[in-house]
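A.B. asks: Just dropping this structure here.
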Amino acid sequence: MSVLSKQTLGAFWKKYNTLLILLIIVFVSSRMSDKFFTSTNVPVLMRQIAPVGITSMGMLIVVCMGGIDLSVGSIMAVGCVLGAPIINQTGSIALCVVVVLLAGLILGAISGFFIAFMRLAPFVMTLAMMTIATGVSYIYSKARPVQFTDRRFSDFIQRFYYGVPTPVIFMIVIFIITFLVFRYTLMGRMFLAIGSNEESVRLSGINVKKYKFIGYAISGVLSAWCGLMMAGRTNVSSPLVGGGAEMDAIAAVVIGGASLAGGKGSVPNTLMGAIILGIISNIMNLMNIPAYPQNIVKGVIIIMAVVVQQFDVKNMKR
């Protein structure tokens with residue numbers, strides 16, 4: 030193979046590796062189970078993907094700046110436990126949505142404040158927020174699930190529009206907004222620039238602290254909204270919702286090719302990473318693989334996906 034062909038193949042792989050991995054996993058899954066592409070399973074798969082797809086958009090922003098957000102799952106739990114009690118007591122869906130989004134904004138903003146302005150390490154601060162938010166969700170719910178007596182919100186979340194579940198529609202809308210922000214706005218460029226070289230951005234007169242603060246606040250809002258959607262989907266507000274969601278969001282971002290060191294990330298690839306994770310979980314459920322072995326399989330596949338992404342075709346030929 031000529032040098033030019035190797036370079037062309039390498040460039041193609043570097044650009045489309047996440048898409049190729051997704052196509053391979055879809056093909057393998059369809060061969061492993063004849064239930065995979067059925068009208069019963071596809072809606073279930075789409076609903077599984079939506080929460081990870083939404084939270085991974087917020088995680089992508091944080092990771093592109095060289096940070097991390099371990100509080101995603103716990104803030105989801107807060108958003109979830111607020112849902113049913115507020116709607117049951119007030120009958121106002123609008124009030125519930127405002128309170129949940131405000132709670133997510135406050136929790137995310139607190140993390141952003143201490144990380145941006147007090148210079149706390151993102152890992153440490155978001156780990157602390159994860160613990161705090163978990164405590165808040167259990168205290169508020171008294172560690173008990175609460176069902177919706179007013180089913181309007183649940184009916185809305187569980188509805189289909191032209192064959193597409195409502196959570197997936199929200200995921201698509203948030204994906205489009207995030208894509209436009211990264212592609213066409215100064216804010217999106219700053220998220221990437223801060224991760225690439227924070228000191229250079231600061232010396233250029235850019236308010237780095239402001240963008241870090243905004244990034245974590247956005248992550249908090251998206252996480253809380255996912256929690257509320259999960260409450261509507263199951264018709265129950267439970268503090269158990271969101272367990273491990275931060276790991277799925279981080280995995281989706283990494284599978285999508287983002288660098289945990291910051292400065293590199295793709296919105297479409299991150300969404301494909303979320304879809305890959307959803308398919309992995311879905312096919313293992315179809316094959317009746319228990320939960321704990323699923324975690325092992327998922328971890329191995331994540332490692333393999335990242336290794337394959339970083340594999341250079343040129344090195345393969347040496």
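To convert, take the position in the sequence shown, counting from 1, and add 29; that gives this note's numbering.
Quick reminder that beta carbons are idealized off the backbone N, C-alpha and C, glycines included.
Can you tell me which of the three DSSP states S348 falls into?
C.D. replies: Any answer about residue 348 is impossible in this case: the structure gives the chain only from 30 up to 347.
A.B. asks: Compute the Euclidean distance between the alpha carbons of L134 and V250, then round it to the nearest angstrom.
C.D. replies: Taking the sequence shown and counting its residues from 1, the one referred to as residue 134 is at position 105. Taking the sequence shown and counting its residues from 1, the one referred to as residue 250 is at position 221. L134 and V250 have their alpha carbons spaced roughly 5 angstroms apart.
A.B. asks: Taking DSSP as the reference, what is the three-state secondary structure of Y169?
C.D. replies: As a first step, residue 169 must be located in the sequence shown, where it is residue number 140. Y169 falls in the helix class under three-state DSSP.
A.B. asks: Expressed to the nearest angstrom, what Euclidean distance is found between the alpha-carbon atoms of F56 and T67?
C.D. replies: By 1-based counting over the sequence shown, the position of residue 56 is 27. By 1-based counting over the sequence shown, the position of residue 67 is 38. Roughly 14 angstroms between the two C-alpha positions.
A.B. asks: Using 10 angstroms around the beta-carbon of Y240, count the other beta-carbons present and answer buried if the total reaches 16, otherwise exposed.
C.D. replies: For the purposes of this step, residue 240 is taken as residue 211 along the sequence shown, with counting starting at 1. Classification for Y240: buried.
A.B. asks: Does DSSP put F143 in a helix, in a strand, or in coil?
C.D. replies: Here the question's residue 143 lines up with position 114 in the sequence shown. Correct three-state label for F143: helix.
A.B. asks: Between T47 and M301, is the Cβ-Cβ spacing less than 8 angstroms?
C.D. replies: Counting from one through the sequence shown, the residue named residue 47 turns up at place 18. Counting from one through the sequence shown, the residue named residue 301 turns up at place 272. Against a cut-off of 8 angstroms, the Cβ pair of M301 and T47 comes out as a contact.
A.B. asks: Tell me the DSSP bridge mates of S121?
C.D. replies: Locating residue 121 in the sequence shown gives position 92, where the first residue counts as 1. In the DSSP output, where bridge partners are listed per residue, S121 has none listed.
A.B. asks: Counting C-beta neighbours from all protein chains within 10 Å, is the total for T195 16 or more, i.e. buried, or is it exposed?
C.D. replies: Position 166 of the sequence shown, counted from the first residue, corresponds to residue 195. The residue is buried, with at least 16 neighbouring Cβ atoms inside 10 Å.
A.B. asks: If we count the other Cβ atoms within 10 Å of its Cβ and call it buried at 16 or more, is I168 buried or exposed?
C.D. replies: The sequence position of residue 168 within the sequence shown is 139, counting from 1. So I168 counts as exposed.
A.B. asks: Nearest CA to the CA of L111: which residue from T299, A303, G261, A274?
C.D. replies: Mapped onto the sequence shown, residue 111 falls at position 82. The option with the nearest alpha carbon to L111 is G261.
A.B. asks: For S266, which three-state DSSP category applies?
C.D. replies: For the purposes of this step, residue 266 is identified with residue 237 of the sequence shown, where counting begins at 1. Three-state DSSP puts S266 in a strand.
A.B. asks: Tell me the rounded alpha-carbon separation between Q176 and P114.
C.D. replies: The residue labelled residue 176 in the question sits at position 147 within the sequence shown. The residue labelled residue 114 in the question sits at position 85 within the sequence shown. Between the C-alpha atoms of Q176 and P114 there is a straight-line separation of about 8 angstroms.
A.B. asks: According to DSSP, is Y240 part of a helix, a strand, or is it coil?
C.D. replies: As a first step, residue 240 must be located in the sequence shown, where it is residue number 211. DSSP places Y240 in helix when its eight states are reduced to three.
A.B. asks: What three-state label does DSSP hand F189 in the structure shown?
C.D. replies: If you number the sequence shown from 1, residue 189 lands on position 160. Correct three-state label for F189: strand.
A.B. asks: How about L99 and F152: are their beta carbons less than 8 angstroms apart?
C.D. replies: Start at 1 with the first residue of the sequence shown, and residue 99 comes out as number 70. Start at 1 with the first residue of the sequence shown, and residue 152 comes out as number 123. Result yes, Cβ atoms of L99 and F152 sit closer than 8 angstroms.
A.B. asks: Can you list, in chain order, the residues of its chain whose CB lies under 6 angstroms from that of I104, leaving out five sequence neighbours each side?
C.D. replies: As a position in the sequence shown, residue 104 is number 75, starting the count at 1. Excluding positions up to five away in sequence, the list reads G133, L136, A162, G249, S252, A253.
A.B. asks: Looking at C-alpha atoms only, which residue of A40, S229, V73, S266 is the closest neighbour of N311?
C.D. replies: Translated into the one-based positions of the sequence shown, residue 311 becomes position 282. Out of A40, S229, V73, S266, V73 has the C-alpha closest to the C-alpha of N311.
A.B. asks: Among L209, L232, V237, S229, which has the Cα closest to the Cα of F220?
C.D. replies: For this step, residue 220 is matched to residue 191 along the sequence shown. In terms of CA proximity to F220, V237 leads the group L209, L232, V237, S229.
A.B. asks: Kindly indicate which three-state DSSP category P194 falls into: helix, strand or coil?
C.D. replies: Residue numbering aside, residue 194 sits at position 165 when the sequence shown is read from its first letter. It is a strand residue.
A.B. asks: From V230 to R218, what does the alpha carbon distance come to, in whole angstroms?
C.D. replies: The residue you call residue 230 lines up with position 201 of the sequence shown. The residue you call residue 218 lines up with position 189 of the sequence shown. Cα-Cα distance, rounded: 11 angstroms.
A.B. asks: On the criterion of 16 or more Cβ atoms from any shown chain inside 10 Å, does Y190 qualify as buried, or is it exposed?
C.D. replies: Translated into the one-based positions of the sequence shown, residue 190 becomes position 161. So Y190 counts as exposed.
A.B. asks: Express the C-alpha separation of S233 and I331 in angstroms, rounding to a whole number.
C.D. replies: Taking the first residue of the sequence shown as 1, we reach residue 331 at position 302. Taking the first residue of the sequence shown as 1, we reach residue 233 at position 204. Computed Cα separation, rounded: 37 angstroms.
A.B. asks: Rounded to whole angstroms, what's the CA-CA distance from E227 to A246? Just pull it up for me.
C.D. replies: On the sequence shown, position 198 is the one that residue 227 refers to. On the sequence shown, position 217 is the one that residue 246 refers to. Distance between the alpha carbons of E227 and A246: 19 angstroms.
A.B. asks: Have a look at the DSSP bridge pairing and note the partners of V175.
C.D. replies: Taking the first residue of the sequence shown as position 1, residue 175 is located at position 146. Paired residue(s): S266.
A.B. asks: Near M154, which residues of its chain fall below 7 angstroms by C-beta distance, leaving aside the five closest residues on each side in sequence?
C.D. replies: As a first step, residue 154 must be located in the sequence shown, where it is residue number 125. Cβ within range, chain order: S140, F143, I144.
A.B. asks: Give me the residue from V129, I122, L52, A123 with the minimum Cα distance to V107.
C.D. replies: As a position in the sequence shown, residue 107 is number 78, starting the count at 1. Shortest Cα-Cα distance from V107 to any of V129, I122, L52, A123 involves V129.
A.B. asks: In three-state terms, what does DSSP make of S359?
C.D. replies: Absent from the model: residue 359. The displayed extent of the chain is 30 to 347, so no value can be given.
A.B. asks: Quick one: what does DSSP say L99 is sitting in, helix, strand or coil?
C.D. replies: For this step, residue 99 is matched to residue 70 along the sequence shown. For L99, the secondary structure class from DSSP, reduced to helix, strand or coil, is coil.
A.B. asks: Does A290 come out as helix, strand or coil in the three-state DSSP assignment?
C.D. replies: Along the sequence shown, one-based indexing puts residue 290 at 261. If DSSP states are grouped into helix, strand and coil, A290 belongs with coil.
A.B. asks: Would you give the residue range spanned by the alpha helix (DSSP H) that L149 belongs to?
C.D. replies: As a working note, residue 149 is residue 120 in the sequence shown. L149 -> no alpha helix (DSSP H), and no H or E assigned at all.
A.B. asks: Thinking just about the alpha-carbon of each residue, which of I186, A79, P322, A280 is nearest to the one in T263?
C.D. replies: As a first step, residue 263 is located in the sequence shown; it is residue number 234 there, counting from the start. Of the candidates I186, A79, P322, A280, the one whose C-alpha sits nearest the C-alpha of T263 is I186.
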